[in-house]
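Per this note's numbering, the sequence shown runs over residues 4 to 655. Before any comments, here is the structure.
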Amino acid sequence: MSSPSLASDFESYSQWRSNLSDQIADYRQWLNHEDLNDSQRDLRLQQLLDRLAEDKLHVAFIAEFSRGKSELINAIFLSDLKQRLLPSTAGRTTMCPTELLYDPAKPPQVELLPIDTRATSATVSEYRNYPEEWHRVTMDITDPDSVRTAMQEVCRVKSVGVDDAARFGLYDPGLPEISAPLNEDGSVSIPAWRHAIINFPHPLLEKGLVVYDTPGLNAIGVEPELTFSLLPNAHAVLFVLAADAGVTKSDIQVWREHINLRGSQKGRLVALNKIDGLWDELKTDAQIDAEIDKQVKDSANLLGIEPRNIFPVSAQKGLLAKIQGDEALLRRSRLGNLEKALSEELIASKQELVRDQTEAELTDLLGSSRALLQSRHDNIVEQLGELRGLQGKNEDVVEHIMVKIAQDKDAFERGLQNFQALRSVFSQQSVKLFQLIGTDAMKAEIDRVRASMVQSRFTKGIREAMNKFFADIDGNMDQAIGQVEEINRMMEAMYRKLSAEHGMARFTVPPFSMLRYSKELKRLKGAYDQQINNLFTLLTTEQYLLTSRFFETVASRVIHVFEIANREAETWLRAVMSPMESQVREHQMQLRRRLESVKRIHKAADTLDDRINELIGMQVEAKRQLAELDQATVYIHDLLNSQATTQQSLAA
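As structure tokens, then:
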């Protein structure tokens with residue numbers, strides 16, 4: 004079966020995520036039961052729950068052909084099937100980028116996007132919206148032959164003429180690194196499919212694991228989404244070398260240009276596969292280990308990393324050992340060392356990411372709930388003090404108190420005019436922010452660049468159009484950063500004013516930054532610049548098609564970044580204004596209640612003791628709510644800060 008460490012850590016992470024969702028749902032239910040929820044707060048809680056429910060763990064396996072990459076996926080994740088799920092034979096097997104996942108809304112199947120779609124500039128992401136464009140091979144998971152037949156589709160190739168291969172971006176004499184070789188008859192053998200999605204009900208996949216199988220430099224070079232989206236956004240990337248091939252020029256190129264970007268090795272692991280080829284019955288174990296160590300050191304030197312970051316393994320022997328239950332062979336395959344490193348890198352970093360995304364939002368929501376309850380409790384205590392001070396006093400004193408409360412109420416309602424003015428300015432500032440990060444203007448700018456590319460076949464013209472494009476969106480993002488800071492300052496000032504003038508709880512404006520969007524745009528520009536710089540001054544038709552495809556991918560990623568920025572900004576703006584609105588409503592309600600209470604006592608409609616007893620009951624209720632909220636807060640923060648591999652369930 005799968006590695007106990009990896010499988011159990013993955014299970015623990017899934018349980019941690021499930022427990023966190025349960026705690027958030029319990030908090031939401033408690034708010035509804037205590038009549039403390041509102042539409043904005045409820046929407047934010049729903050978004051948190053949706054984010055956790057849709058959470059995925061993405062692992063990408065990258066290698067040139069014949070490195071044993073598919074076998075390594077079988078050995079690490081799928082050995083409990085007691086057979087090979089992904090095809091693995093001598094030579095090249097995986098011919099197109101392949102996703103391995105599980106979607107319960109679909110049957111077990113292999114979805115295949117025809118290679119002919121590369122004749123268009125549309126990206127794979129766009130084609131996901133058009134299911135009729137995909138070919139499907141369903142499978143019966145209880146029938147090994149059915150599964151095997153479906154899986155073999157990812158290996159299928161077809162022969163086409165040179166012109167067609169060029170039209171698909173798979174043949175160009177000027178770009179040999181991305182070109183398929185010519186056959187003897189002058190045809191070109193190319194993958195039959197552009198992209199494959201395997202939907203398979205495996206326990207790890209059901210819990211949100213997504214595995215990408217990417218076939219080398221050729222696929223990375225011609226499928227820009229791998230460069231701009233899949234690899235940068237994978238939570239872990241496993242780069243696979245082979246002991247029998249050494250580190251080749253194309254291995255180094257893939258590593259430097261697509262994996263080890265800017266020298267960052269976070270979430271990046273290297274496996275040196277096929278060490279069983281070094282096993283020799285005529286050598287001692289020490290001699291074999293020394294030979295493996297030498298290969299590791301040589302590979303590390305060529306890649307520019309520490310030897311401890313390369314994990315020698317035998318995927319084939321590891322898979323065989325797991326299927327046969329051979330512990331000695333499993334240890335000799337060294338698969339456990341790689342699985343342990345992958346588990347630590349993947350689970351820990353993913354949990355940290357989810358924790359960071361969730362904690363700030365929950366802390367703000369819990370804090371605003373507590374501030375509201377504390378304000379309510381403090382108002383009750385203040386009313387009790389006022390009414391107890393009236394015991395034994397004459398009617399004139401009661402009337403004096405009533406007049407003072409009425410004056411406080413009038414003063415607060417006059418202050419509301421400032422609040423309404425602030426809301427108006429806040430609305431204007433929000434509109435301005437959304438204009439800067441809106442997608443409509445961005446799409447118009449993309450259309451302009453697209454038109455410039457059609458008119459120019461020279462890289463100089465295309466580069467100038469792209470430089471202007473990125474300069475414009477960088478300018479918008481810089482202005483958006485300034486706009487966020489302006490809104491921050493305005494809201495901080497208003498929070499201070501309400502606290503000083505009316506004794507309302509002091510809030511800190513929730514943190515929000517546009518920096519990560521700005522960094523992502525700069526990363527996209529760098530990747531595109533690298534692509535343009537690799538081309539000649541005058542583009543051939545094939546190079547032009549490839550460049551157009553890269554641009555369309557960049558454009559879709561830019562729009563995606565701005566869409567996320569829009570959603571996150573909208574959530575932040577609600578988080579900024581909603582607590583203030585809740586406090587204003589609560590303060591207004593408490594002033595009305597205080598005035599009504601003293602009026603009724605003044606008119607002898609209520610006895611003073613009756614009203615005091617009523618307030619004491621309300622104080623007890625407020626204390627209960629505060630205690631329950633504090634307990635829920637402790638549970639949630641303990642759960643957030645626990646480690647997925649050791650955490651205990653707090654949902655019970």
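Backbone N, C-alpha and C fix where the C-beta goes; we use that ideal spot for every residue, glycine too.
>> In the DSSP output, which residue or residues are listed as bridge partners for Glu284?
In response: Glu284 is not bridged to any residue.
> Exposed or buried, what is Ala625 when buried is set at 16 or more other beta-carbons lying within 10 Å of its beta-carbon?
Replying inline: With 16 or more Cβ atoms within 10 Å of its Cβ, Ala625 is classed as buried.
>> In chain order, what are the residue ranges of uninterrupted beta strand (DSSP E) at least 3 long that sit wholly in the region 190 to 245?
In response: With a minimum length of 3 residues, the unbroken runs of beta strand (DSSP E) contained wholly in the region 190 to 245 fall at 191 to 194, 196 to 202, 212 to 218 and 239 to 245.
> To the nearest angstrom, how far is it from the Cα of Leu323 to the Cα of Leu84?
Replying inline: For Leu323 and Leu84, the distance between alpha carbons rounds to 12 Å.
>> Tell me the rounded alpha-carbon separation between Leu365 and Met621.
In response: The straight-line gap separating the alpha-carbon atoms of Leu365 and Met621 is approximately 27 Å.
>> For the structure I just gave you, are there three or more beta carbon pairs, one from the region 290 to 302 and one from the region 340 to 347, closer than 8 Å?
In response: Short answer: they don't touch.
>> Can you list, in chain order, the residues of its chain with a C-beta nearer than 8 Å to that of Glu110? Leave out the 5 residues immediately preceding and following it.
In response: Rather than Glu, the amino acid found at residue 110 in this sequence is Pro. Excluding positions up to five away in sequence, the list reads Thr141 and Asn202.
>> Taking its Cβ as the centre, do 16 or more other Cβ atoms sit within 10 Å of Leu104, making it buried, or is it exposed?
In response: Flag for Leu104 reads buried.
> Going by DSSP, which residues form a beta bridge with Asn276?
Replying inline: Ala245, per the DSSP bridge assignment.
>> Taking a contact to mean a Cβ-Cβ separation below 9 Å, would you say Leu501 touches Val587 in this structure?
In response: Contact flag set, yes.
>> Quick check: the Cα distance between Leu48 and Ile567, rounded to an integer number of angstroms?
In response: Here the alpha carbons of Ile567 and Leu48 stand approximately 18 Å from one another.
> Is it right to say Arg597 is buried, meaning 16 or more other beta carbons lie within 10 angstroms of its own, or is it exposed?
Replying inline: A residue is called buried once 16 or more other Cβ atoms fall within 10 Å of its Cβ, and Arg597 is buried on that count.
> Which same chain residues, not among the five before or five after Gln50, have their C-beta less than 8 Å away from its C-beta?
Replying inline: Cβ neighbours of Gln50 beyond the five flanking positions: Thr574.
>> Helix, strand or coil for Phe473? Go by DSSP, reduced to three states.
In response: Phe473 sits in a helix when the DSSP states are folded into three classes.
>> For a minimum of 3 consecutive residues, which ranges assigned as the beta strand (DSSP E) are wholly contained in the region 83 to 113?
In response: You should have 101 to 104.
>> Tell me the residue span of the beta strand (DSSP E) that contains Val138.
In response: The question names Val, but residue 138 in the sequence shown is His. In this chain, the beta strand (DSSP E) harbouring His138 covers His138 to Thr141.
> For Ser162, which residues does DSSP report across the bridge?
Replying inline: The partner list for Ser162 (beta bridge, DSSP) reads Ser192.
> Which value, in whole angstroms, describes the spacing of the CA atoms of Asp381 and Glu617?
Replying inline: Straight-line measurement puts the Cα of Glu617 at about 15 Å from the Cα of Asp381.
>> Please report the distance separating the alpha-carbon of Thr657 from that of Ala572.
In response: Given that the chain is displayed from residue 4 to residue 655, the structure contains no residue 657 and the question cannot be resolved.
> Which residue's Cα is closest to the Cα of Ser581: Phe473, Tyr520, Asp367 and Thr550?
Replying inline: Closest by alpha carbon: Asp367.
> Where does the unbroken alpha helix (DSSP H) through Phe80 begin, and where does it stop?
Replying inline: For Phe80, the enclosing alpha helix (DSSP H) covers residues Lys72 to Phe80.
> What's the gap between the Cα of Lys446 and the Cα of Cys99?
Replying inline: Cα to Cα, the separation comes out at about 30 Å.
> Anyone know if the C-beta pair for Arg54 and Ser585 falls short of 9 Å?
Replying inline: Contact flag unset, no.
>> Give the list of continuous alpha helix (DSSP H) stretches no shorter than 4 residues that lie fully inside the region 417 to 468.
In response: For the region 417 to 468, whole alpha helix (DSSP H) runs of length 4 or above, ordered along the chain, are 442 to 458.
> Counting along the chain, where does the alpha helix (DSSP H) carrying Val637 start and finish?
Replying inline: In the DSSP assignment, Val637 falls within the unbroken alpha helix (DSSP H) covering Leu611 to Leu643.
> What is the residue span of the beta strand (DSSP E) that Ile65 lies within?
Replying inline: Note, Ile65: beta strand (DSSP E), Leu60 to Ala66.
>> Beta-carbon within less than 7 Å of Leu81's beta-carbon, same chain only, minus the 5 sequence neighbours each way: which residues are those?
In response: Setting aside the 5 residues that flank it on each side, Leu81 is surrounded in the same chain by Leu88 and His205, each with a C-beta closer than 7 Å to its C-beta; the list follows chain order.
> Under the rule that 16 or more other beta-carbon atoms within 10 Å means buried, what is Ala195, buried or exposed?
Replying inline: Of the other Cβ atoms in all chains shown, 16 or more fall within 10 Å of the Cβ of Ala195; this residue is therefore buried.
> What residues in its chain sit with their C-beta under 6 Å from that of Lys161, if we drop five residues either side in the sequence?
Replying inline: Result list for Lys161: Ala195, in chain order.
> Just curious, the beta strand (DSSP E) that Ile308 is in, first and last residue?
Replying inline: For Ile308, there is no enclosing beta strand (DSSP E), as DSSP marks it with neither H nor E.
> Where does Leu173 sit, in a helix, a strand or coil, going by DSSP?
Replying inline: DSSP, read as helix, strand or coil, puts Leu173 in coil.
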